[in-house]
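What follows is a short report on a single structure.
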Amino acid sequence: RLLAYSSIAQAGYFLLGVVAVGRTPLATQALIVFAAAYAAMNLGAFAIVLRVGRDLAAFSGYGRLAPVGGAWLVIFLLSLVGVPPLAGFFGKLLLFGAALDAGFGWLAVVAIVNSVLSLAVYLRWLVPCYQTPVSEHPVSSGGRVSAIAAALVVGLGLGVQLLLARIQ
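So the sequence shown is residues 18 to 185, counted in the working numbering.
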């Protein structure tokens, strides 16, 4: 449910880009980069949720029991927050820049504050992952989908300039 609620907030970032379209050429590029980042972040996070469980309690100790899956989950959630050098950071940075360029500075400020506050939400999920497991239940790393999505989140973050060059 936490990830579903997060999707609502992420939709607000898309809207930030949409309102800037027509006012700045940066908006289209920002929307493309953020859409690619968002697809990878959410695909990976939801793949892990499908394998581990929908209840936060299922993630107790997950990072200790499945270190690779835990690392991928950290990548997805920190990217959703917008932590550099992950793809979500560059998507949001471009959206904030487009909003500023289009004259919507106040919207950019609201979005930045929302990003900072979202860290608290994602920490509610991540902190229990690295605490002592409630039980030694079998866990999965999230499979190939999560591995590919994690590679995309990191790769897009590191190669955002290549994507921007292709878009232009």
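Each residue gets a CB set at the ideal place from its N, CA and C atoms; glycine is no exception.
Roughly how many angstroms separate the alpha carbons of residue i and residue j, rounded to a whole number?
i, j, result
"L169", "R18", "24 Å"
"W89", "N131", "23 Å"
"L111", "V38", "13 Å"
"I184", "L143", "34 Å"
"R141", "L97", "14 Å"
"V171", "A164", "11 Å"
May I ask whether a heavy atom of the ligand FMN can be found less than 7 Å away from the beta carbon of residue i?
i, result
"L112", "Among the components modelled here there is no ligand, and therefore nothing to report on the ligand FMN."
Give the secondary structure of residue i by DSSP, where H, G and I count as helix, E and B as strand, and everything else as coil.
i, result
"L45", "Just to set this straight, residue 45 is Thr in the shown sequence, not Leu. Here T45 sits in helix by DSSP."
"V36", "helix"
"A88", "helix"
"L169", "helix"
"Q27", "helix"
Just mark residue i as buried or exposed, buried being the case when its beta carbon has 16 or more other beta carbons within 10 Å.
i, result
"G174", "buried"
"L73", "exposed"
"T41", "buried"
"A167", "buried"
"V35", "exposed"
"P145", "buried"
"S24", "exposed"
"G29", "exposed"
"E125", "With the sequence shown as reference, residue 125 is identified as Ala, and Glu is not the correct amino acid for it. That one is buried."
Report the residue ranges of all alpha helix (DSSP H) runs contained in full by the region 118 to 165; include only those spanning at least 4 residues, in chain order. Fully enclosed alpha helix (DSSP H) runs of 4 or longer: 122 to 146.
So does the region 66 to 86 actually touch the region 141 to 149, counting three or more Cβ pairs closer than 8 Å? Put simply, the region 66 to 86 touches the region 141 to 149. At least three CB pairs are less than 8 Å apart.
With contact counted as at least three CB pairs below 8 Å, one residue from each stretch, are the region 42 to 54 and the region 120 to 140 in contact? No, because fewer than three Cβ pairs between the region 42 to 54 and the region 120 to 140 fall closer than 8 Å, the two stretches do not touch.
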